[in-house]
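In the working numbering, the protein residues as written are 53 to 604.
Taking it in order: structure first as structure tokens, then the write-up.
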């Protein structure tokens, strides 16, 4: 109500009465709200009680309670393998069933010794006692501890040396590694179960930190074939390549990784040859070198110097392009898998690669002849002397058309070809076409980032090999292509992919966990695969989709 003049006393009394009436109404509503909120809180408490009762009842019938004890123990073991070292302690506090499952010896078989822990010895004793007689996976972390502490824990572990299956040593000083291995060599225990050793260390080239130690020559003495007859695998990670043979002579698998370093020791073919001369029984060799190093890779001046690895079946070189110059110094008559991976994405053909690779193929067998220097115009290795390579991977390493042709001609046993960031052309792929094409045993192709390759030539290759082998009267000149992988090849269209899928298995996604590109995250094409599914696959009938072997 609006007043154009001063309100009268009667108006003021009426307004005060109206205000009091509304205030009483507001108070009544507020009291009702408080009652309702109290009821809500009471109902929520009752609701929570019912939920807790449901959880207790669900706990009785849950799958976790019905899992067999052996399977539950296996789950806990996987938790430890994934790096959760305290898993046995934590899961033991859940319930009596989990505590029984966690008491299995193999759950405690991963003995993780952190020398920085205040109760290192007590914790290690407890773990060893709980593991009873299970084979042990031992990891020793020794950053900068006094030798007395290292000696104590090593003596404790050596009391169970007969149970060691895997040993890993991680320390920031190579002198600590040498001290631990000297302790092992002096005690001369037996390691009947030991099959794998991993060492990660740093050479500081500093007398204060490393006491003048730059190589662990005690390695061979500590784990010789007499003391560790089943030792087969060694993984050695450092910032400096060894200068002397340090690895046990009887191992069959070596993973040598040299990390980035600013210290003066150069990477050289001579040091690699010296190291490999001490492990003649290798079947698998992986050499990983850094891209950034204080000095460039030093090739061997004596081109005739070589090392023969008669049993080597798998070779992986991962590092700068210059590392491939080490290839001609290897004699590998039994090699079946060759992986060449470059850290350098140069965007053009690396000139040193073709001579090194083809010279390696031509000299795989040990001979007394001096190796010739292969010019680019005369690269024709004899397939009779080339190793029986079944898988060739060139990752970010390119060859000229002439070098590709010479390489294919030297590999009649090739079963799988993997190319990443390659400028291979249609004319080169046509060299593989049946009936008289090169690499007649080739069955699998994995092509990624091949920017000059067209999809039609791939269709022709697969169709040609299938036609030859489908004729009952024809001689088996070439094997059919059983799988083609095409990822991020710009001139391989969607129609080409679908045509390939009707002829053979066509994959547009990376392989499983062993695929090198998973870690580099360079071949992820989720949007392309989704578009391919939505644009094309929905148009096909169920019968057509069954006939199409497309892996997306």
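Glycine included, each C-beta is placed from N, C-alpha and C at the ideal position.
None of the values given here were measured: they were computed from a predicted structure.
Residue i and residue j closer than 8 Å at C-beta
i: residue 295; j: residue 267; result: yes
i: residue 531; j: residue 506; result: no
i: residue 488; j: residue 529; result: yes
i: residue 328; j: residue 293; result: no
i: residue 283; j: residue 298; result: no
i: residue 627; j: residue 242; result: This structure cannot speak to residue 627, because the chain is shown only from 53 to 604.
i: residue 219; j: residue 249; result: yes
i: residue 499; j: residue 553; result: no
i: residue 439; j: residue 387; result: yes
i: residue 604; j: residue 560; result: yes
i: residue 480; j: residue 514; result: no
i: residue 194; j: residue 158; result: no
i: residue 319; j: residue 390; result: no
i: residue 358; j: residue 381; result: yes
i: residue 409; j: residue 376; result: yes
i: residue 335; j: residue 365; result: yes
i: residue 467; j: residue 490; result: no
i: residue 160; j: residue 144; result: no
i: residue 216; j: residue 246; result: yes
i: residue 150; j: residue 124; result: yes
i: residue 350; j: residue 321; result: yes
i: residue 476; j: residue 456; result: yes
Cutoff 8 Å; reference residue i; Cβ partners in own chain excluding five residues on either side
i: residue 546; result: 584, 587 and 588
i: residue 172; result: 165, 166, 201 and 205
i: residue 58; result: none
i: residue 176; result: 163, 165, 205, 208 and 209
Neighbourhood of residue i by C-beta, 6 Å cutoff - its chain only, sequence neighbours within 5 removed
i: residue 542; result: 503
i: residue 137; result: 164
i: residue 264; result: Since pLDDT at residue 264 reaches only 49, below the 50 mark, its modelled position is unreliable, and no value is offered.
i: residue 308; result: 288 and 339
i: residue 394; result: 373, 448 and 449
i: residue 191; result: 164 and 220
Bridge partner(s) assigned by DSSP for residue i
i: residue 471; result: 446 and 499
i: residue 534; result: According to DSSP, which records beta bridges pairwise, residue 534 is partnered with nothing at all.
i: residue 250; result: 220 and 287
i: residue 558; result: 536 and 602
i: residue 165; result: 192
i: residue 310; result: 290
i: residue 391; result: 368 and 445
i: residue 350; result: 320
i: residue 383; result: 360
i: residue 590; result: According to DSSP, which records beta bridges pairwise, residue 590 is partnered with nothing at all.
i: residue 338; result: 307 and 368
Burial state of residue i (16 or more Cβ within 10 Å)
i: residue 558; result: buried
i: residue 447; result: buried
i: residue 427; result: Reliability of the predicted coordinates at residue 427 is poor, the pLDDT of 41 falling under 50, and no value is obtained from them.
i: residue 5; result: Because the chain in this structure spans residues 53 to 604, residue 5 falls outside the shown range and cannot be described.
i: residue 75; result: exposed
i: residue 118; result: exposed
i: residue 472; result: buried
i: residue 142; result: exposed
i: residue 70; result: exposed
i: residue 84; result: exposed
i: residue 362; result: exposed
i: residue 226; result: buried
i: residue 470; result: buried
i: residue 548; result: buried
i: residue 442; result: buried
i: residue 68; result: exposed
i: residue 537; result: buried
i: residue 420; result: With a pLDDT of only 44 at residue 420, under 50, the local geometry of the prediction cannot be trusted, and the value read off the model is given with reservation. Exposed, because fewer than 16 other Cβ atoms sit within 10 Å of the Cβ of residue 420.
i: residue 337; result: buried
i: residue 221; result: buried
i: residue 415; result: buried
i: residue 562; result: buried
Other residues of its chain near residue i: CB distance less than 7 Å, five sequence neighbours each side excluded
i: residue 121; result: 152 and 153
i: residue 492; result: 464, 529, 530 and 531
i: residue 139; result: 128, 131 and 132
i: residue 482; result: 509
i: residue 331; result: 299, 301, 303 and 306
i: residue 106; result: none
Near the ligand NAP: residue i beta-carbon under 7 Å from a heavy atom
i: residue 112; result: Questions concerning the ligand NAP fall outside what the structure shown contains, since it holds no ligand whatsoever.
Chain B contact for residue i (CB, 8 Å cutoff)
i: residue 144; result: This model lacks chain B altogether; it includes just one protein chain.
Within 8 Å, do at least three Cβ pairs link the segment 205–213 to the segment 153–172? yes
**Any 3 or more C-beta pairs closer than 8 Å across the segment 365–383 and the segment 325–344** = Judged by Cβ distances under 8 Å, the segment 365–383 makes contact with the segment 325–344, as three or more pairs qualify.
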